[in-house]
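Note that the sequence shown covers residues -12 to 297 in the working numbering. Quick reminder that beta carbons are idealized off the backbone N, C-alpha and C, glycines included. Here's the structure, in structure tokens; my notes come after.
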Amino acid sequence: MDPQAKPQLPIINFTKDNLCPGSSCWLLTSNEVRHALEEYGCFVAVFDKINMQMNKDVFRASRELFDLPLETKIKNVSDNIYYGYLKLPMIPLYESLGINNATTSHGILSFSNIMFPSGNDHFCKTMHLHANRLSELEQMVARMVFESYGVEKHYESYLKSMTYLLRMMRYRLPGKDESNVGAHEHTDKSFITILHEDQVGGIEIKTKANEWIPIRIPAYCYLVMAGDALLAWSNDKIHSAFHQVIIRGEKERYSMGLFSFVNGIIQAPEELVDDEHPRQYKPFHHYDLLDFYAKDDDHKTECTMNAYRL
-12 MDPQAKPQLP IINFTKDNLC PGSSCWLLTS NEVRHALEEY GCFVAVFDKI
38 NMQMNKDVFR ASRELFDLPL ETKIKNVSDN IYYGYLKLPM IPLYESLGIN
88 NATTSHGILS FSNIMFPSGN DHFCKTMHLH ANRLSELEQM VARMVFESYG
138 VEKHYESYLK SMTYLLRMMR YRLPGKDESN VGAHEHTDKS FITILHEDQV
188 GGIEIKTKAN EWIPIRIPAY CYLVMAGDAL LAWSNDKIHS AFHQVIIRGE
238 KERYSMGLFS FVNGIIQAPE ELVDDEHPRQ YKPFHHYDLL DFYAKDDDHK
288 TECTMNAYRL
């Protein structure tokens, strides 16, 4: 093995015909998922539920959205700063919009009616189907995590409490004297994030050894990441990886992230707490974590859960 070679993220296949709950294939894949999340906080998932045409449609719709006038885009508002339109002076290359409850027809339509007052059925159908396909992957990963830790009895209540935010993101090219940092290093505040990009690349993951590795996500593949909420739920067994976006090359970068949030309390199951592994976090409401991160500028480059630890 080349000692200078960069470590590579695990690639896990979710397209197998015999990938059914309870099967030997399911159990093997579940162990791979758990190991990847514990060691790296993320992995690349091979998932073929989004075909080539849907992939083209969803990024075409995203470009159409970002081409709207600024006065339209800023109408994407929310009580939570990270749910609405976002364009901040400290990350000038980055611009994003968010669709709350993106897996529901109501959530998509509410967003579309603001962005496209005259209607845009194609946008609604494309984004609704895309969000639901990504949520299938998210739910499969979550179920595997619950089962691999022996706490599958809690999975149904998790599923009922889950909400999804779909964020569309654009990173423009830097100017002559601008930094090429598209997003500063951070951890996600979600339970699980599913990231879908347009093959331009740019995302980098920091390993536990503090080494940055660039990630190129192939077609029909998605980056699955554990968020800080999953780290807390697992009682620190699962890793929440720092990541950043560095813009290289000559193309703007478009990506989308499906972020899962628990509409309720996050706490580690009793089965994951014992004398050797005492409870690391008191129960907290997931959206309180988002509020803390939005207001706590002193800890933007630290693990949010370490700062939020009660």
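- Shown here, K140 sits in a helix according to DSSP, grouped into three states.
- If you draw a straight line from the Cα of S17 to the Cα of K112, it comes to about 32 Å.
- Shown here, L245 sits in a strand according to DSSP, grouped into three states.
- Rounded to the nearest whole angstrom, the C-alpha separation of P161 and S227 is 29 Å.
- Of the candidates I200, I101, M41, the residue whose Cα lies closest to the Cα of R120 is M41.
- Here R157 has F53, E82, Y241 as same chain residues with Cβ atoms under 6 Å from its own Cβ, once five neighbours each way along the sequence are excluded.
- With respect to the 7 Å criterion, V232 and G188 are not classified as neighbours on the basis of their beta carbons.
- Between E125 and I202, the gap from beta carbon to beta carbon reaches 7 Å or more.
- Taking a cut-off of 8 Å on C-beta distances, the stretch 216 to 224 touches the stretch 260 to 270, as three or more cross pairs fall below it.
- Annotated as distal: S166 and N250, with beta-carbon spacing of 7 Å or more.
- A direct Cα-Cα distance of roughly 7 Å separates A281 from I68.
- Put simply, the stretch 27 to 41 touches the stretch 195 to 209. At least three CB pairs are less than 8 Å apart.
- Apart from sequence neighbours up to five positions away, the residues of its chain that approach F46 with a beta-carbon distance below 6 Å are D185, Y241, ordered along the chain.
- In this structure, the beta-carbon distance from Y72 to I61 falls below 7 Å.
- The C-alpha of V132 lies about 45 Å from the C-alpha of D164.
- Between I253 and A213, the C-beta spacing is not below 7 Å.
- Rounded to the nearest angstrom, the gap between the Cα atoms of M39 and E258 is 42 Å.
- The beta-carbon distance between N107 and L84, rounded to whole angstroms, is 14 Å. This is too long to meet the 8 Å contact definition.
- Judged by beta-carbon spacing, F229 lies within the 7 Å limit of K193, meaning their Cβ atoms are closer than that value.
- Each residue's CA atom was taken as its position, placing S99 and S92 some 10 Å apart.
- The continuous alpha helix (DSSP H) containing N293 extends over residues 291 to 295.
- The stretch 53 to 123 contains, as complete alpha helix (DSSP H) runs of 4+ residues, the segments 57 to 60, 92 to 102 (chain order).
- In the structure shown, the three-state DSSP call for T194 is coil.
- Between L14 and Y274, the alpha-carbon positions lie close to 32 Å from each other.
- A Cβ-Cβ contact shorter than 7 Å links K176 with L277.
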